[in-house]
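Engineer: Chains as they are written, first to last, in the UniProt record's numbering: chain W, 1 to 313; chain Z, 1 to 313.
Protein chains: 2
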Amino acid sequence: MDTHRLRYFLRIADEGSINRAANTLGIAQPALSRQVRLLEEDLGVTLFRRTARGVQLTEEGERLRATTAAPLRQLELAMRYVGSPLARVERGLHIGLPATATGILASPLLDGLSAAFPRVDFQISVASTDVLVEGMLKGAVDISVIDPVQDGRLFYHDLLVEDLVLVGGRTSDLQPGTAIEFAELARRPLILPASPSGIRTSVENTALRLKHRLQSRFSTDSLQVTKSLIEAGRGYGVLPLSACAAEIDARKLRYAPLCDPSLTRQLGVAVTANLELPRGFATRVGEIIREEAARLVGSGVWGARLSPPLSEA
Amino acid sequence: MDTHRLRYFLRIADEGSINRAANTLGIAQPALSRQVRLLEEDLGVTLFRRTARGVQLTEEGERLRATTAAPLRQLELAMRYVGSPLARVERGLHIGLPATATGILASPLLDGLSAAFPRVDFQISVASTDVLVEGMLKGAVDISVIDPVQDGRLFYHDLLVEDLVLVGGRTSDLQPGTAIEFAELARRPLILPASPSGIRTSVENTALRLKHRLQSRFSTDSLQVTKSLIEAGRGYGVLPLSACAAEIDARKLRYAPLCDPSLTRQLGVAVTANLELPRGFATRVGEIIREEAARLVGSGVWGARLSPPLSEA
DNA sequence: CCCAGTTATACCGATCCTGTATATCTGAGC
DNA sequence: GCTCAGATATACAGGATCGGTATAACTGGG
């Protein structure tokens, strides 16, 4: 019943190996093995199946991970920031997220942020990059996760890169194992974002470069609408897998990777340059966004690749 | 960064004294003093003001308590139940709460329950006792917090007793320091629950016994409506303080204690006798409700008195 | 001024954690 | 079937941390 062992356990679950976890934790492997055994004895359950290529969570282990990861993270943040003057900030902070990242990011992010900054009311707006940028320049939005932008009035830093996949309805012929060539996209009706989002420009620029002509029958800025149109068989979507994981699990949607070329979308964190916030606050919030994203990526929940972090002076 | 010290810290905060906390924790006082000092050094903040009559939380201490109590409890429950077959139950559990307890109980209760039973979808219904009892007998509601009932088809056990206060609008003359006699109630327009709830019968029976005639101008089963009517100056309400703490803090409502006689309302936990649930599951859920209530009462958030617990064989 | 009650300090023994060295196990490749 | 690489498990010793006992220092109240 100690955070210590729990942190070890979670790291092992992430790494899938006691050995690798011992390395990243900076302790010796036998010590870690021992802690796992003690934790298992304490709880009276087997947490891992030991194999010759590492360890694998049992059902109980998976349950423990699911129920302890978030509270443990909240504790860590709460203790880290309790001494910080930033924790005293009383204010509303307005966070902007793109629709294609809310499903995976919103809830854990709010958990973490409210643990670190209990006096702050966090508000989340879901909108396209251009709307969020406008909101930030007006001062209505404080910090956003958006597509890359070049604007001197914003601080922007890359967060992660995510592969895009082709998503179709239940009756489509898409299979995760069979990649679809980009040229094939031109022969299928596409449902693209209405506003010039990162995904849409990525798709359109590639089409232009390869001299393909796309059929875009519908366009909408609502991810919800996009997915229901796809589900109804009205067309195909180009989306990050994380944005429709639930529907794919539920067999409502199918997907296939893209190739020749594959497409990606880049996300980053942006804050306004002239923030009326306590010094360092926005930076910390940005760090927590990064940490939360790193955690989701590291645990395999978010299939993306992290961009290199900000240099830590 | 150890649950150990955090638990000690929270207990001290609850008891208001290192000495008393040491007794209830079963360790020596110097050891506990030491742990507090170490925790304060770790975090770099002063958590308590030491006085000759105990200790008092500083602002940072209060913040730490607010941000760590819930996650810590979730961790404890998650670890306690990870090995239990009950944690594998996949089912929806329908919980009934009275409107006057939801505000204070719903959120922490859901936190705790979902940590203990991750596979269960908890649904909360807010209704009056008679509706909840009916729902439980029909099997639509599994477990409820309700006024005391005598019904052989239900298992019922007392949970806590709470004082009722007179609540008026912002312009009323009520003051927390000046108790209002019951006789005075008859001279004020009251807004009482429409259904025969515990609060309403308590008020009406007392009036009958003392031969007072009440003026009940409006009645509604919605606590929301009740409070907005009171706020608009349409009348007075008889409510537990916990049901309108937020509005009183916000200076939208005022209150005064009742005397001659004072009124209370009793709450208990009830489950149907013929549950189609795994053996012991409802019992455990009931225990968690009790624990959560005890925690809220112990920390002073819920100004009520616990009923004696079930005998623990 | 004294006393009861509180928190803080000093020291000691026991426990738990970690690192080093080594054993054991398992799956892949020949 | 055998071997080997890579993984986890066991044994033992050193060191840090925790809790207990004894005692000091502090603060209000009578």
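Built from N, CA and C at the ideal position, the CB exists for glycine as well.
In three-state DSSP terms, what is Z:Gly298?
Structural biologist: Your numbering for residue 298 of chain Z matches position 298 in the second sequence. Correct three-state label for Z:Gly298: helix.
Engineer: Roughly how many angstroms lie between the CA atoms of Z:Ser299 and Z:Gln266, to the nearest whole one?
Structural biologist: If you number the second sequence from 1, residue 299 of chain Z lands on position 299. If you number the second sequence from 1, residue 266 of chain Z lands on position 266. Rounded to whole angstroms, Z:Ser299 to Z:Gln266 spans 20 Å at the Cα level.
Engineer: Determine the DSSP secondary structure at Z:Ser33, reduced to helix, strand or coil.
Structural biologist: The residue given as residue 33 of chain Z occupies position 33 in the second sequence. Here Z:Ser33 sits in helix by DSSP.
Engineer: Report the start-end ranges of each alpha helix (DSSP H) in the stretch 245–311 of chain Z that is 4 residues or longer and not cut off at the edges.
Structural biologist: Entirely contained in the stretch 245–311 of chain Z, the alpha helix (DSSP H) runs reaching 4 residues are, in chain order, 245–249 and 281–298.
Engineer: Could you pull out every residue in the same chain whose Cβ sits closer than 7 Å to the Cβ of Z:Val167, ignoring the five residues on either side in sequence?
Structural biologist: Here residue 167 of chain Z corresponds to residue number 167 of the second sequence, with the count starting at 1. Ile230, Tyr236, Gly237, Leu239, Cys244, Leu253 and Tyr255, listed in sequence order.
Engineer: Nearest-angstrom Cα distance between W:Val141 and W:Val271?
Structural biologist: Reading the first sequence from its first residue, position 141 is the one you call residue 141 of chain W. Reading the first sequence from its first residue, position 271 is the one you call residue 271 of chain W. Between W:Val141 and W:Val271, the C-alpha separation is close to 9 Å.
Engineer: Would DSSP call Z:His4 helix, strand or coil?
Structural biologist: Here the question's residue 4 of chain Z lines up with position 4 in the second sequence. Helix at Z:His4.
Engineer: Do you know offhand how far W:Gln29's Cα is from W:Gln56's?
Structural biologist: Residue 29 of chain W sits at position 29 when you count from the first residue of the first sequence. Residue 56 of chain W sits at position 56 when you count from the first residue of the first sequence. Each residue's Cα considered, the two are about 16 Å apart.
Engineer: Quick one, which residues of the stretch 284–303 of chain Z are near chain W if we go by CB-CB under 9 Å, in chain order?
Structural biologist: Result list empty, no residue passes.
Engineer: Would DSSP call W:Val45 helix, strand or coil?
Structural biologist: Mapped onto the first sequence, residue 45 of chain W falls at position 45. In the structure shown, W:Val45 sits in coil (DSSP, three-state: anything other than H, G, I, E or B).
Engineer: Quick check: W:Ile146 and W:Gly268, are their CB atoms within less than 8 Å of each other?
Structural biologist: Residue 146 of chain W sits at position 146 when you count from the first residue of the first sequence. Residue 268 of chain W sits at position 268 when you count from the first residue of the first sequence. Going by C-beta atoms, W:Ile146 is nearer than 8 Å to W:Gly268.
Engineer: Quick one, which of Z:Met79, Z:Gly16, Z:Leu72 and Z:Ala127 has its alpha-carbon nearest Z:Thr51's?
Structural biologist: Working through the second sequence from its first residue, we reach residue 51 of chain Z at position 51. With distances taken between Cα atoms, Z:Thr51 lies closest to Z:Gly16.
Engineer: On the three-state DSSP scale, how would you describe W:Phe122?
Structural biologist: Position 122 of the first sequence, counted from the start, is the residue given in the question as residue 122 of chain W. In this structure, W:Phe122 counts as strand in the three-state DSSP scheme.
Engineer: Among the residues of its own chain, which have a CB less than 7 Å from the CB of W:Glu312, if the five just before and after it don't count?
Structural biologist: Working through the first sequence from its first residue, we reach residue 312 of chain W at position 312. In this prediction, W:Glu312 has a pLDDT of 46, which is less than 50 and means its spatial position is unreliable; what the coordinates show is noted afterwards. Cβ neighbours of W:Glu312 beyond the five flanking positions: none.
Engineer: Would W:Ala99 pass as an interface residue toward chain Z - the criterion being a Cβ-Cβ separation below 8 Å?
Structural biologist: Numbered from 1 along the first sequence, position 99 holds the residue referred to as residue 99 of chain W. Cβ-Cβ to chain Z under 8 Å: no for W:Ala99.
Engineer: Report the three-state DSSP secondary structure of Z:Arg195 (helix, strand or coil).
Structural biologist: Start at 1 with the first residue of the second sequence, and residue 195 of chain Z comes out as number 195. For clarity, residue 195 of chain Z is Ser in the given sequence; the question names Arg instead. Three-state DSSP puts Z:Ser195 in coil, outside helix and strand.
Engineer: List the DSSP bridge partners of Z:Gly233.
Structural biologist: Position 233 of the second sequence, counting from 1, holds the residue named residue 233 of chain Z. Looking at the DSSP assignment, Z:Gly233 forms no beta bridge with any residue, so it has no partner.
Engineer: Buried or exposed: which applies to W:Leu192, given that a residue is buried once 16 or more other Cβ atoms fall within 10 Å of its Cβ?
Structural biologist: By 1-based counting over the first sequence, the position of residue 192 of chain W is 192. Buried, since its Cβ has 16 or more Cβ neighbours within 10 Å.
Engineer: Which value, in whole angstroms, describes the spacing of the CA atoms of Z:Pro261 and Z:Phe182?
Structural biologist: Within the second sequence, residue 261 of chain Z is the residue found at index 261, counting from 1. Within the second sequence, residue 182 of chain Z is the residue found at index 182, counting from 1. When rounded, the distance between both Cα atoms is 6 Å.
Engineer: Take Z:Leu32 and list the residues in its own chain whose beta-carbon comes closer than 8 Å to its own, dropping the five residues that flank it on each side.
Structural biologist: Locating residue 32 of chain Z in the second sequence gives position 32, where the first residue counts as 1. Taken in chain order, the residues that qualify are Tyr8, Ile12, Ile18, Ala21, Ala22 and Leu25.
Engineer: Based on Cα-Cα distance, which residue from W:Arg305, W:Thr171, W:Met136 and W:Thr100 lies nearest to W:Arg290?
Structural biologist: Stepping through the first sequence from its first residue, residue 290 of chain W is reached at position 290. Of W:Arg305, W:Thr171, W:Met136 and W:Thr100, the residue nearest in Cα terms is W:Arg305.
Engineer: Taking Z:Arg20 as part of the alpha helix (DSSP H), name the residues at either end of that continuous run.
Structural biologist: As a first step, residue 20 of chain Z is located in the second sequence; it is residue number 20 there, counting from the start. Secondary structure note for Z:Arg20: its alpha helix (DSSP H) is the uninterrupted segment Ile18 to Leu25.
Engineer: Where DSSP assigns a beta bridge to W:Arg11, which residues make up the other side?
Structural biologist: For the purposes of this step, residue 11 of chain W is identified with residue 11 of the first sequence, where counting begins at 1. Looking at the DSSP assignment, W:Arg11 forms no beta bridge with any residue, so it has no partner.
Engineer: Excluding the 5 residues preceding and the 5 following W:Ala194 in the sequence, name in chain order all residues of the same chain whose CB lies nearer than 7 Å to its CB.
Structural biologist: For this step, residue 194 of chain W is matched to residue 194 along the first sequence. These residues qualify, in order along the chain: Ser219, Thr220 and Asp221.
Engineer: I'd like the span of the alpha helix (DSSP H) that includes W:Ser144, first residue to last.
Structural biologist: If you number the first sequence from 1, residue 144 of chain W lands on position 144. No alpha helix (DSSP H) holds W:Ser144; the beta strand (DSSP E) holding it covers Ile143 to Ile146.
Engineer: Looking at W:Val89: is its Cβ nearer than 8 Å to the Cβ of W:Phe281?
Structural biologist: Counting from one through the first sequence, the residue named residue 89 of chain W turns up at place 89. Counting from one through the first sequence, the residue named residue 281 of chain W turns up at place 281. Yes.
Engineer: In angstroms with no decimal places, state the Cα-to-Cα distance between W:Gly198 and W:Leu208.
Structural biologist: By 1-based counting over the first sequence, the position of residue 198 of chain W is 198. By 1-based counting over the first sequence, the position of residue 208 of chain W is 208. Approximately 15 Å between the Cα atoms of the pair.
Engineer: Is the CB of Z:Leu72 under 8 Å away from at least one CB in chain W?
Structural biologist: As a first step, residue 72 of chain Z must be located in the second sequence, where it is residue number 72. Yes, because at least one Cβ of chain W sits closer than 8 Å to the Cβ of Z:Leu72.
Engineer: Determine the direct distance from the alpha carbon of Z:Pro257 to that of Z:Arg234, and round the result to whole angstroms.
Structural biologist: Here residue 234 of chain Z corresponds to residue number 234 of the second sequence, with the count starting at 1. Here residue 257 of chain Z corresponds to residue number 257 of the second sequence, with the count starting at 1. One C-alpha to the other measures close to 20 Å.
Engineer: Distance cutoff 8 Å, beta carbons only. Does W:Glu41 sit that close to anything in chain Z?
Structural biologist: Numbered from its first residue, the first sequence carries residue 41 of chain W at position 41. Among the residues facing chain Z, W:Glu41 is not included, as its CB has no counterpart in that chain under 8 Å away.
Engineer: Would you list the residues sitting across from Z:Thr68 in a DSSP beta bridge?
Structural biologist: Residue 68 of chain Z sits at position 68 when you count from the first residue of the second sequence. Beta-bridge pairing links Z:Thr68 to no other residue.
Engineer: Which residue marks the beginning of the alpha helix (DSSP H) containing W:Val55, and which one marks its end?
Structural biologist: Looking up residue 55 of chain W in the first sequence gives position 55. Per DSSP, W:Val55 belongs to no alpha helix (DSSP H); it is in the beta strand (DSSP E), Gly54 to Leu57.
Engineer: Among all the DSSP beta bridges, which residues are the ones paired with W:Ser128?
Structural biologist: Within the first sequence, the letter at position 128 stands for residue 128 of chain W. Looking at the DSSP assignment, W:Ser128 forms no beta bridge with any residue, so it has no partner.
Engineer: Within the stretch 144–179 of chain Z, note down every full beta strand (DSSP E) run reaching 3 residues or more, in order along the chain.
Structural biologist: 154–169
Engineer: Counting only beta-carbon separations shorter than 8 Å, does Z:Asn19 have a partner in chain W?
Structural biologist: Sequence index remark: in the second sequence, residue 19 of chain Z carries index 19 (1-based). It does not: the Cβ of Z:Asn19 has no partner Cβ on chain W nearer than 8 Å.
Engineer: With distances taken from CA atoms, which of Z:Asp42, Z:Glu76 and Z:Ser84 is nearest Z:Asp111?
Structural biologist: Position 111 of the second sequence, counting from 1, holds the residue named residue 111 of chain Z. For the residues Z:Asp42, Z:Glu76 and Z:Ser84, the minimum Cα distance to Z:Asp111 belongs to Z:Glu76.
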